[in-house]
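Presented below is the structure to which this report refers.
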Amino acid sequence: LTMKLVEPTEQAPLSGVVRRPTLRELYENHLRQVWRFCRRMGVAEADLDDACQEVFLIAHRKLPEFEGRSSPLVWLLGISVRVAAARRRRVQNTREVPSEGLPEPAGPEVASSGLERSEARVLLDRMLEGLDEAKRAVFVLYELEELSMPEISELLGCPLQTAYSRLHAARRQLEAAIASRLAREEVP
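According to our numbering, the residues represented by the sequence shown are 1292 to 1479, in order.
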């Protein structure tokens, strides 16, 4: 079965033809996932909007090459992996020390569960920083973005067994980091 992509303006017949999404559709349907993925891949909070813009600029430029072999989200996350890695390398190669922006003032309606979620997210982000790029990408894509391992393997361009190995190693490393943190907290 072969599939042909058609432009959004063409009427797509029902026989194996996949309609190529527009940039607007990609942006409206997947911006939140791209933003969240870039954050989880270590893009600094202050750079997230720029990283997402870069992802969608690349998507715009490469949209004619999109063949529909994967879902649009998987395709965008593949671009996001490379953008996040490049941004992290840039930060490592600069002498600037990124500072976190001032937190938004919290109103009285902020619940403690929201604060706990925020603290858990910060803790997860710190622990993810301890993983190398390859393990981090597989872990985030599988455990947090809930992609299948065949999708991850294709997206990252690695054999399926390598993706599974990276996931297993990332889990072991994170479990050790959690155990170490718990041991430190128990010491008076």
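Built from N, CA and C at the ideal position, the CB exists for glycine as well. Remember, predicted model here, so these are calculated numbers, not experimental data.
| Item | Value |
| --- | --- |
| Neighbourhood of Y1433 by C-beta, 7 Å cutoff - its chain only, sequence neighbours within 5 removed | M1440, I1443, L1458 |
| Contacting residues, own chain, Cβ-Cβ under 8 Å from L1339 (five flanking each side not counted) | W1326, C1329, R1330 |
| At least 3 beta-carbon pairs within less than 8 Å: the segment 1452-1466 vs the segment 1358-1370 | no |
| Exposed unless 16 or more other CB atoms sit within 10 angstroms - verdict on K1353 | exposed |
| When A1428, R1379, L1348 are compared against C1449, the one with the closest alpha-carbon | A1428 |
| Three-state secondary structure assigned by DSSP to L1446 | helix |
| DSSP-derived helix/strand/coil call for R1360 | coil |
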